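Chains as they are written, first to last, in this note's numbering: chain A, 817 to 1348; chain B, 742 to 1000. Heads up, the beta-carbon is just placed ideally off N, CA and C, and yes, glycines get one too. Being a predicted model, the structure only gives us computed values, none of them experimental. First comes the structure, then the notes that go with it.
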Amino acid sequence: MKKFLRSGNPYIWLTAGTLTACLLMISGLVVLIMINGFGIFWPHKIVQFTLQDGTVLLGEIAKREPIPHQKDAYRTKVKVGNRDVYGMDFRWIDDAEVVSQTYPVHALAFERREWGNLYGFLQGLRQGDGVKPLEKEAMASLLRESHALYKKIRNIEKKDIGNINYRMEKIRLELKHLTLLQLSEKTRKRAAALNARMAHLEKIYREKEDTLARFYEKAREKEVVVLLADGREKMVPVFQIIRTSMPNEMGAFAKVRFYVAKSWEFIWGEPREANTEGGVFPAIFGTVMMVLIMSIAVVPLGVLTAVYLKEYAGDSFISRLVRISVSNLAGVPSIVFGIFGLGFFIYFFGGGIDKLFFSESLPSPTYGTGGILWAALTLSLLTVPVVVVATEEGLSSVPKALREGSYALGATKIETLWKVVIPQATPGILTGTILAMARAAGEVAPLMITGVVKLAPSLPIDSHFPYIHLERKFMHLGFHIYDVGFQSPNVEAAIPMVYTTTLVLLFTVLTLNLTAIIVRNKLKKWYSTRAM
Amino acid sequence: MAKEHIIVPEPIVNIIDLSLYYGKVQALKSIALDISKKKITSFIGPSGCGKSTLIRCLNRMNDLVESVTIEGCIKIDNQDIYSPTIDVTELRRRVGMVFQKPNPFPKTIYENVIYGPRLTGIRKKGILDDICEKALKKGALWDEVKDRLHTSALDLSGGQQQRICIARAIAMEPEVILLDEPCSALDPIATAKIEDMLCDLKKDYTVIIVTHNMQQAARISDYTGFFMLGKLVEFNITTEIFTNPREKQTEDYITGRFG
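Quick look at the structure:
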């Protein structure tokens, strides 16, 4: 026994076993998220249940589980949709209740802009009081029409009216600014000119609103009649329908097409229905942009700090204290950084900027409220220890011989640092940056008080001067997960979205890191051949 | 007081009564010797005898080590290099140095060679190209690398890397070149190439070389100093030292009785 212990074999098993356990847990996590996340957009069959009490239900099977304490008894969770009719999306059915279970070929799933999915049978297009039967092709062209209309409406609402609003707001601010100044001939003239422009804009605005009203009128015109499972008829405006599908008659190819279209919409689309449906593009965009701003801020901050600590500060009591404090900073709960960001960046800094440059729009704050810049800066404080430590290690790894070679050629300390030491330490610095980015992309708590919102009306980059709006609030995948999964009015229906959003977050972080790794390798090559 | 040694013709470096302390430990004890212009002077002696420390004093590389104190004086061209008015980087441009292990920068061959000249502010590509070619020719490397000047210097062999480092020092057109055991990491063929090259360099530069290899000192140098325990035991014309040493310690060392 003693010999066995001394041979070291048990320890190899112990260490290898621990590693295996870690790997299993991590891969289990990823696989769980992948299974749940990838599966959501695959078209499910629509089942029609007839129950003993005569109720007929139509919907997708969401879950099936054994009933506790009963042998061979199961119950099924059915997504019946039609929230506006039934009041809830899901219903549990015990197997014992079911009389028959069929898969009607013509059962249709309507994906709507509001109220979630609707399941039923298409009767036709409403005409006066009657119903005109509708062919599949005719329905498709109707949908195309309504999508085109929807696009037009969105264009007017977002672009045209948005533009006008933006310009009107500017004029309003300038007018307010003028009233703060002393009245003179010049200001009066300017104010008159502004008022004239304002009136002109208001006119255009009203015209646009009229067009919009006409469009909405047109949108409400056409309605399809849908027969629900319980025999009721339901009018659905075509305009409300995003897409219809008949999963029961879909072939494999059609299913794949459906899947791809849904996934595409998820990644590039905007959220609907309190974020429980639609896409997550604004959140992806916000996450990536916030991480990039954070990196731009954290790299100079961390690298310069580390260079001073390592190259100039020496090894005194104070420098050791600073080093320990920097490392400990990494252990401070992130919400504390959030509070600091709120107090320092938003109230102190942002408030100051508002007073100096945006006084005409006060008391409504411009920079004195949460925004993507403040969130990014807060996170850069959170991640600066990572960069400092990695940079210090990178600097230590540069061989003394290289520095001496540079000094011997008449280089000063700063020249040596700049031309030999820092290029050599760059891979280390970038590794630190990669770790910082990974940390920042996953952080949610400090963002919640420094600028993340459930739904941001516009992206931080758009076509209005100055194009990049760092003061805007933004959406973030991490917060999106929390919001969809736990804060939305319809949590049950939103759970699959949580997994998919998690998957997207994982992929986003992975992509960011891979990009950074590729940049690191490219830089390594570039530094070894470039002219200095 | 230092012992009297021979008087060399045309001295360019005068080391006068030099002592050096690392903290409280004395590493050099009252060294005094002169180095002759455009000759090769070699320093030999057992490990830890202070010979490397001494040549690192000549371009003030010891400044980089903390807690070093120096007494005495070193003059190059009759200028005290430890005087407060001297510009250390200027001094290091005049006194080039090559180290024990080849330490090319992780850059291209070209960038390595023109590193120093570029620091002095030369920006014109034509001039830099000329400097690079000249230095590599003097470093006996031009024919081997002229077609791949813009590839990484780290891809070269150890011997070539060391010659890059020598060429890098030559590119600064120094008056004195210090070599700290330049061949200790190289094979005999690479060593022979560097020795040939050093003999050529003698025409234009004053060369000071620290070596463990007594044959090397005998082969290439004009003057040799033998050090032990921080003291200069004997300094003389090389042939004299190796054929007719005056000191018992020197004789013991070169005949291999200890060391």
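Quick check: the segment 1136-1154 of chain A against the segment 1196-1207 of chain A, are at least 3 beta-carbon pairs closer than 8 Å?
Yes, since at least three Cβ pairs between the segment 1196-1207 of chain A and the segment 1136-1154 of chain A fall closer than 8 Å, the two stretches touch.
To the nearest angstrom, how far is the alpha carbon of Val1096 (chain A) from that of Ile877 (chain A)?
25 Å
Just checking: is the beta-carbon of Leu1218 (chain A) within a distance shorter than 8 Å of some beta-carbon in chain B?
Yes, contact with chain B.
What does the alpha-carbon distance come out to for the pair Phe1160 (chain A) and Ala1070 (chain A)?
55 Å
Would you say Met801 (chain B) and Val766 (chain B) are within 8 Å of each other, going by their C-beta atoms?
Correcting the residue type first, residue 801 (chain B) is Arg in the shown sequence and not Met. The answer is no: Cβ separation not under 8 Å.
Could you say which of A:Tyr1298, A:Ser1175, A:Leu958, A:Gln939 lies nearest to Gly1047 (chain A) if we only look at CA atoms?
A:Gln939
According to DSSP, what are the bridge partners of Val914 (chain A)?
A:Leu867
What in chain B is Cβ-close to Tyr1223 (chain A), meaning under 8 Å?
Near Tyr1223 (chain A) (Cβ distances below 8 Å), the residues of chain B are Met802, Leu805, Arg833.
Kindly list, in the order they appear in chain B, the residues whose Cβ is closer than 9 Å to that of Glu1231 (chain A).
Thr830, Leu860
Could you name the residues of chain A that Arg909 (chain B) contacts, counting a contact when the two beta carbons are closer than 7 Å?
Leu1225
Got a sec: which bits of the segment 1230-1258 of chain A sit with their beta carbon under 7 Å from any beta carbon on chain B, in order along the chain?
Glu1231, Val1236, Gln1240
Quick test of your reading: Asn1306 (chain A) and Thr1092 (chain A), contact by CB under 8 Å. State the CB separation rounded to the nearest angstrom.
The beta-carbon separation of Asn1306 (chain A) and Thr1092 (chain A), rounded to 6 Å, stays under the 8 Å limit for a contact.
Quick one: which chain B residues come within Cβ less than 8 Å of Thr1228 (chain A)?
Thr830
Would you mind listing the beta strand (DSSP E) stretches within the segment 886-955 of chain B that are 3+ residues and don't spill past its ends, in chain order?
917-921, 947-951
State the CB to CB distance for the pair Ile1001 (chain B) and Val917 (chain B), rounded to an integer number of angstroms; the pair is presumed to be in contact (CB under 8 Å).
With chain B represented from 742 up to 1000, any question about residue 1001 (chain B) goes unanswered, as that position is not in the structure.
Taking only three categories from DSSP, how would you classify Lys1338 (chain A)?
helix
With a 10 Å radius around its C-beta and 16 neighbouring C-beta atoms as the bar for buried, classify Cys798 (chain B) as buried or exposed.
buried
With the cut-off set at 8 Å, would you say Thr782 (chain B) and Tyr964 (chain B) are in Cβ contact?
yes
Counting only beta-carbon atoms, is Lys691 (chain B) nearer than 8 Å to chain A?
Since the first residue of chain B shown is 742 and the last is 1000, residue 691 (chain B) is not available in this structure.
What first and last residue would you give for the beta strand (DSSP E) that runs through Tyr717 (chain B)?
The structure shown does not extend to residue 717 (chain B), since chain B is modelled only from 742 to 1000, so the question has no answer here.
Provide the residue(s) that pair with Asn977 (chain B) in DSSP beta bridges, ordered along the chain.
B:Thr965
Mind pulling the chain C residues with CB within less than 7 Å of Met838 (chain B)?
You won't find chain C in this structure, because its protein chains are A and B.
Output the distance between the C-alpha atoms of Ala743 (chain B) and Ala773 (chain B), rounded to the nearest integer angstrom.
Below a pLDDT of 50, predicted positions are generally treated as unreliable, and Ala743 (chain B), at 43, falls in that range; the measurement from the model is reported next regardless. Going by the C-alpha atoms only, they are around 6 Å apart.
Please report whether the beta-carbon of Phe846 (chain B) lies at a distance below 8 Å from any beta-carbon of chain A.
Output row for Phe846 (chain B): interface = yes.
On a CA-only basis, which of B:Lys779, B:Thr794, B:Ser824 is nearest Val806 (chain B)? Give me that one, please.
Measuring from the Cα of Val806 (chain B), the nearest candidate turns out to be B:Thr794.
Which bits of chain A does Gly857 (chain B) rub up against, with CB to CB less than 7 Å?
Within chain A, the residues near Gly857 (chain B) are Leu1225, Gly1226.
I want to verify the contact list: residues of chain A whose CB lies under 8 Å from the CB of Cys906 (chain B), in sequence order.
Gly1221
Helix, strand or coil for Trp908 (chain A)? Go by DSSP, reduced to three states.
Trp908 (chain A) falls in the strand class under three-state DSSP.
Less than 8 Å between CB atoms is the rule here; does Lys875 (chain B) satisfy it with respect to chain A?
Taking 8 Å as the CB threshold, Lys875 (chain B) stays off the interface with chain A.
Mind checking if Met913 (chain B) is an interface residue toward chain A, Cβ cutoff 8 Å exclusive?
yes
Where DSSP assigns a beta bridge to Pro882 (chain A), which residues make up the other side?
A:Tyr890
Output the residue ranges of the alpha helix (DSSP H) runs that lie fully inside the segment 1155-1211 of chain A and measure 4 residues or longer, sorted by chain position.
1167-1173
Could you list which residues in chain A have their beta carbon closer than 8 Å to that of Lys887 (chain B), in chain order?
Within chain A, no residue comes near Lys887 (chain B); the closest Cβ sits about 17 Å away, beyond 8 Å.
Is it the case that the Cβ atoms of Lys779 (chain B) and Thr947 (chain B) are separated by a distance below 8 Å?
yes
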